[in-house]
Amino acid sequence: MASRAEVPVGIVFRPPYSRAVATTLTGEVQRVTYENEETGFRVIKLGAVEGLSVQRAPVAVVGTFQAVGPGSRVRVSGDFVQDPRHGEQFRADSVILLEPSTRAGLEKYLGSGVLPGIGPALAKRIVDTFGMDALTMLDSDPERLRRVRGIGQRRIEEIRRVWASQRAISSIMVLLQTHGASPALAKRIHQHYGNRAVAVVQRSPYRLALDVHGVGFKTADGIARSLGISGDHPERAQAGVMHELGVLAEQGHLFAPRDSLVQRAAEMLDIDPAHAEEAVDALRASDRVVQEEERVYLRRLHVAESGVAVQMARLLAAPARPLHGLEIAIERFERRVGVRLAERQREAVALAACRKVLVITGGPGVGKTTIVRAITAIFRRARLTLRLAAPTGRASRRLGEATGHEASTIHRLLEMDPRSGGFLRNRERPLDADALVVDEASMVDVPLAAALLEALPDRARLVVVGDADQLPSVGPGAFLRDLIASGAVPKVCLNEIFRQAAQSHIVQNAHRIFRGQMPEGRGGDDPDCDFFVVHRRDPGDAADLVCELVTRRIPRRFGLDALSDVQVLTPMHRGPAGTLALNQRLQEILNPMGPGIVHRGQTLRVGDKVMQTRNDYQREVFNGDLGRVTSLDPPARTLVVEFEGRRVDYDEVGLDALTLAYAISIHKSQGSEYPAVVVPLLTAHFVMLSRNLLYTAVTRAKRLCVLVADPRALGLALAETRREDRATHLAERMRMATSG
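Position in the sequence shown (first residue = 1) + 47 = the working numbering.
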């Protein structure tokens, strides 16, 4: 523990670079000019500074650390930086609170608001009573505050609680400091364990990974190793098994075969497989995992997969009221929109009118949108209470535009609760819906599908629309594929390409790719061409061409805006033609100037195209949403992003979920369409290449698709059909649930 004279209170962000020697300053906090309690980011002015060769005006210290009041003495380590807007600042890597060295400083500190209900007058009386031992009194025997006139028992209890909480959080920060933890994470640990937090971390740090959201196995393992805990500790094995199940879930799997899981965990932890076996059994006993036969699930994923099967069986078991006058309704729709439905399209509309659940699937150009328009028109004519939904904001907007009926994201439809991360619509409070149409269903993961089905009333009809040959959802499971594979629900598979769509080389090549055939580019002098294949084998050459296409050739020839209309889609993040390198290069060309915020190795500026990388229920932005930075405040490390006309504020914690999006992964592009896409495809990407991946990339393009490809990589992608297989048991579970 720290000495009494140096009470550590917090840490700040770690810059994305290393420093040989940090500068250390000691001084008194004159005032706090900015603070964000949620993120812990603060700006303070430091006076009477020791450690400077030349005295100067009060030093502005910026960083993420726990609250320090005026009058506090602090020791800060970091570096001076020159901010383009605010001038010289000291960017702190660590902040240590020191006891005030004078009675005046102690009075100022205690009266700064650090204790509830203690202002300058009471602070003076406390110091008059206890002198420089006031802080020792607060640590050891705050009941002695009764000796101070004006402080009653209720206030003493509140002071005791706040002071103990501050000390506990400070101690947690010290333990986590060397592992890069944030103040927000320290607070979360303290909220979970209370004043036992230090004892828990010191005695059983792996419980953090098991109990506290946001603490990963690597953080817990680093703390444990620094505390000398053995590598074969049972809780380490349990945390390692949970970590491996989490990694598999991030890869899309709902479960792991037990033997495979044990082997993965033993290798990752470098322990005997017998210890991993014991860990799985202990996790089963504590209900953290569920095992069915040889399948081991995270409990939440088992609940989700089982829930989809049970709720689907419930919907199918309820009677469906037939909709009368179907032929007349179809004829009216055809006259109104000026189309003639094909036989398979009519079949789909008829099934939607008489069955409780229907799946409609097919590739580009086969008329899925026309069917959805027809079905929604017929549902509305029958005066059904209709709801339309899609997984993303972009997809829901397209659905609404196509049908002329209000559509929303699934999260908004279910009335997401930001505090719990769950939904307010459920079995007890179902949706007011006679019919629900869900578009872009390939993007719906199993946990979201379970929540959606649970919220549907028995009377509701469900129409699920999507392209089962695209990549599966970013989240775990393969809902649409398993729904089709189960055979438990009626389905219509569309394969006829309509004449207008057949004229598109994008559509033609998407279907060629689906059949495993090499896509065909057109000559550069063809004015109607919308699909090009340009051969490049060297990753550096390919990256050069991608940048030239995006910034010069495509805007000049096709009149498209490089920022708004052209999207680079790439299989991987690393390498010269990966998202990281291409984002940096494209930003340097398209948006190189102006102040920025450096966060995790990338600079964010006004005008940058950015992407949200995980669901944020509080801000109502979701994994894969694209936006533009409209304003920022570098000292406060805050910015504003506009997503399709909606402005969203980000603090420093929120920045973790933002990344540059001039180039994004193909997986993140699901459910979106772009006027033009440029896709590098190289042999260096071989671990990710698959037919589904290439098919998904090509079908994101509306007006133009350019493949910058090594022919060998194209061959590898077309030959690989199993890369996107996922460990799920949903199809079998639905068959069993509906067979009775």
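We put the beta carbon where it would ideally sit given N, CA and C, even for glycine.
As the structure is a computational prediction, the values presented were derived from the model and not from experiment.
CB contact flag (residue i, residue j, <8 Å)
i, j, result
"residue 405", "residue 537", "yes"
"residue 633", "residue 617", "no"
"residue 796", "residue 139", "Here the chain has residues from 48 to 787 only, and residue 796 is not among them."
"residue 274", "residue 292", "no"
"residue 754", "residue 566", "yes"
"residue 749", "residue 709", "no"
"residue 401", "residue 369", "yes"
"residue 682", "residue 136", "yes"
"residue 412", "residue 540", "no"
"residue 745", "residue 544", "no"
"residue 484", "residue 510", "yes"
"residue 145", "residue 121", "yes"
"residue 88", "residue 111", "yes"
"residue 436", "residue 449", "no"
"residue 593", "residue 727", "yes"
"residue 713", "residue 743", "yes"
"residue 189", "residue 165", "no"
"residue 172", "residue 117", "no"
"residue 276", "residue 252", "yes"
"residue 526", "residue 491", "yes"
"residue 438", "residue 487", "yes"
Residue i versus the options, residue with shortest Cα-Cα distance
i, options, result
"residue 576", "69, 592, 723", "723"
"residue 434", "284, 503, 619", "503"
"residue 278", "318, 244, 298", "318"
"residue 398", "382, 413, 131, 419", "419"
"residue 476", "338, 560, 499, 131", "499"
"residue 201", "657, 568, 259, 163", "163"
"residue 642", "257, 130, 609, 464", "130"
"residue 157", "186, 143, 119, 193", "119"
"residue 415", "389, 440, 438", "389"
"residue 652", "614, 707, 443", "707"
"residue 784", "328, 355, 765", "355"
"residue 763", "727, 734, 505", "734"
"residue 141", "80, 479, 70", "70"
"residue 284", "245, 248, 327", "327"
Residue burial classification, residue i (beta-carbon count within 10 angstroms, cutoff 16)
i, result
"residue 241", "exposed"
"residue 19", "What is shown of the chain runs 48 to 787, which leaves residue 19 out entirely."
"residue 168", "exposed"
"residue 333", "exposed"
"residue 786", "exposed"
"residue 676", "buried"
"residue 213", "buried"
"residue 155", "buried"
"residue 501", "buried"
"residue 781", "buried"
"residue 546", "With a pLDDT of only 48 at residue 546, under 50, the local geometry of the prediction cannot be trusted, and no value is derived from it."
"residue 403", "buried"
"residue 738", "buried"
"residue 640", "exposed"
"residue 199", "exposed"
"residue 542", "exposed"
"residue 95", "exposed"
"residue 187", "exposed"
"residue 471", "exposed"
"residue 298", "exposed"
Cβ-heavy atom distance, residue i to the ligand ADP, below 7 Å
i, result
"residue 603", "This structure does not include the ligand ADP; it has no bound ligands of any sort."
Cutoff 8 Å: residue i Cβ touching any chain C Cβ
i, result
"residue 688", "Judged by its chain identifiers, the structure shown contains no chain C, having just a single protein chain."
- Message: Threshold first: 4 residues or longer. Then list the alpha helix (DSSP H) segments lying entirely within the region 371-449, N to C.
- Response: 373-384, 390-401, 415-428
- the region 360-369 contacting the region 314-330, beta-carbon criterion three pairs below 8 Å: no
- Query: Where in the region 489-532 do unbroken runs of the alpha helix (DSSP H), each at least 4 residues long, occur, reported from the N-terminal end onward?
  - Reply: 493-501
- Message: Three or more C-beta pairs under 8 Å: does that hold for the region 762-777 against the region 597-617?
- Response: no
- What are the complete alpha helix (DSSP H) segments, minimum 4 residues, inside the region 267-341? If we require 4 residues or more, the alpha helix (DSSP H) runs fully inside the region 267-341 come out as 281-297, 305-316, 320-332.
- Message: Between the region 384-399 and the region 514-522, can you find at least three pairs of beta-carbon atoms closer than 8 Å?
- Response: no
- Task: Let me know the beta strand (DSSP E) ranges lying completely inside the region 131-163, each 3 residues or longer, listed in chain order.
- Result: 134-145
- Message: If contact is defined by three or more beta carbon pairs under 8 Å, each pair taking one atom from either stretch, is the region 689-699 in contact with the region 664-675?
- Response: yes
- Message: Three or more C-beta pairs under 8 Å: does that hold for the region 634-648 against the region 423-430?
- Response: no
- Answer yes if the region 455-471 comes into contact with the region 662-671, meaning at least three C-beta pairs across the two stretches below 8 Å, and no otherwise. yes
- Can you check the region 621-707 for any alpha helix (DSSP H) of at least 4 residues that lies completely inside it and give the ranges in chain order? 626-637
- Enumerated in chain order, which unbroken segments of the alpha helix (DSSP H) with a length of 4 residues or greater are wholly contained in the region 747-774? 758-766
- Could you pull out every unbroken beta strand (DSSP E) segment of at least 3 residues lying fully inside the region 82-121, listed in chain order? 88-97, 106-111
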